[in-house]
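*Asks:* Before we start, here is the structure in question, set down as structure tokens.
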Amino acid sequence: MGCTRDAILDALENLTADEFKKFKMKLLSVPLQEGFGRIPRGTLLPLDAVDLTDKLVSYYLEAYGAELTALVLRDMGMQEVAEQLQEAMSKGLHFVDQHRAALIARVTVVDGVLDALYGKILTEDQYQAVRAERTSSDKMRKLFSFAPAWNLACKDLLLQALRDNHPYLVDDLEQS
Numbered sequence: 369m370g371c372t373r374d375a376i377l378d379a380l381e382n383l384t385a386d387e388f389k390k391f392k393m394k395l396l397s398v399p400l401q402e403g404f405g406r407i408p409r410g411t412l413l414p415l416d417a418v419d420l421t422d423k424l425v426s427y428y429l430e431a432y433g434a435e436l437t438a439l440v441l442r443d444m445g446m447q448e449v450a451e452q453l454q455e456a457m458s459k460g461l462h463f464v465d466q467h468r469a470a471l472i473a474r475v476t477v478v479d480g481v482l483d484a485l486y487g488k489i490l491t492e493d494q495y496q497a498v499r500a501e502r503t504s505s506d507k508m509r510k511l512f513s514f515a516p517a518w519n520l521a522c523k524d525l526l527l528q529a530l531r532d533n534h535p536y537l538v539d540d541l542e543q544s
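This is how it looks when you write it as structure tokens:
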């Protein structure tokens, strides 16, 4: 099991039976990021913590599944459990996930990064959608909107493209 999956499971196993039931009900109504579908009610309600963790990861991937879990926990007023989940996640995050905000703010020229990713992890439509944005920050934000569907190899390709095009920025972020 991945450490993010384990963190989701730990958070869910720390809920009482009533809290777990409430979690599943709130999960049915929480707003989802574009491109993700809702777990059907009939599938969701009978699941135990282990099966729900597997379902969250299969529907939303590890990173977004954990983010969604933390969001629902916060909505339930369970800030401490949500914080523990966030802390556990940050330990296992990929560089591009960990430094998302800094990359959005500090990457000044995006076209070289896009060119390196085109045809490998970006489709023609995705490439054009990112290029259509007006500012570098908006371009990076749009690029990151595709990231929830990426696996580690895709994120490694993005990191390599960033290293090739912005080596000083990547070095600075790695040392921070």
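Okay, so the sequence shown: first residue is 369 according to our numbering, each after it adds one. No residue lacks a Cβ here, since even glycine has one placed at the ideal position from N, Cα and C. Quick caveat, the model's predicted, so the values are computed rather than measured.
Out of Arg-502, Gln-496, Ala-470 and Ser-513, point me to the one whose CA is closest to Leu-530's CA.
*Replies:* That would be Ala-470, whose Cα lies nearest to the Cα of Leu-530.
*Asks:* In its own chain, which residues sit with a C-beta less than 7 angstroms from the C-beta of Leu-400, not counting the 5 before and 5 after it?
*Replies:* For Leu-400, where only same-chain residues beyond five positions count, the Cβ hits under 7 angstroms are Arg-406.
*Asks:* Hey, how far is the Cα of Met-369 from the Cα of Asn-382?
*Replies:* A caution first: Met-369 carries a pLDDT of 42, below 50, which makes its placement in the model too unreliable to give a value.
*Asks:* Report the partner residues of Tyr-486 according to the DSSP bridge assignment.
*Replies:* In DSSP, Tyr-486 forms a bridge with Leu-490.
*Asks:* Determine, using beta-carbon pairs with one atom in the region 530 to 539 and one in the region 472 to 479, whether at least three such pairs fall under 8 angstroms.
*Replies:* Verdict: yes, contact present.
*Asks:* Three or more C-beta pairs closer than 8 angstroms, one from the region 491 to 505 and one from the region 450 to 458: is that the case here?
*Replies:* Not touching, per the Cβ criterion.
*Asks:* Given a threshold of 16 other Cβ atoms within 10 Å of its Cβ, counted over all protein chains shown, does Thr-411 qualify as buried or as exposed?
*Replies:* The residue is exposed, with fewer than 16 neighbouring Cβ atoms inside 10 Å.
*Asks:* On the CB-based measure, 16 or more other CB atoms within 10 Å of its CB, does Lys-392 come out buried or exposed?
*Replies:* Buried: at least 16 other Cβ atoms inside 10 Å.
*Asks:* Please check the pair Ile-472 and Ser-505, which I expect to be a contact at CB under 8 angstroms, by giving their CB distance rounded to whole angstroms.
*Replies:* That pair is a contact at about 5 angstroms.
*Asks:* Taking 6 angstroms as the limit between beta carbons, can you name the residues of its chain near Leu-441, skipping five residues before and five after?
*Replies:* For Leu-441, where only same-chain residues beyond five positions count, the Cβ hits under 6 angstroms are Val-449 and Ala-450.
*Asks:* Less than 7 angstroms between the beta carbons of Lys-523 and His-462, yes or no?
*Replies:* Going by C-beta atoms, Lys-523 is nearer than 7 angstroms to His-462.
*Asks:* Alpha carbon to alpha carbon, what distance is there between Leu-527 and Gln-543?
*Replies:* One C-alpha to the other measures close to 15 angstroms.
*Asks:* Should Glu-501 and Lys-488 be called a contact, given that it needs their Cβ atoms to be closer than 7 angstroms?
*Replies:* The answer is no: Cβ separation not under 7 angstroms.
*Asks:* Can you give the Cα-Cα distance for Phe-388 and Val-425, rounded to whole angstroms?
*Replies:* Each residue's alpha carbon lies about 17 angstroms from the other.
*Asks:* Could you pull the start and end residues of the alpha helix (DSSP H) that Gln-545 belongs to?
*Replies:* Absent from the structure is residue 545, since the part of the chain shown begins at 369 and ends at 544.
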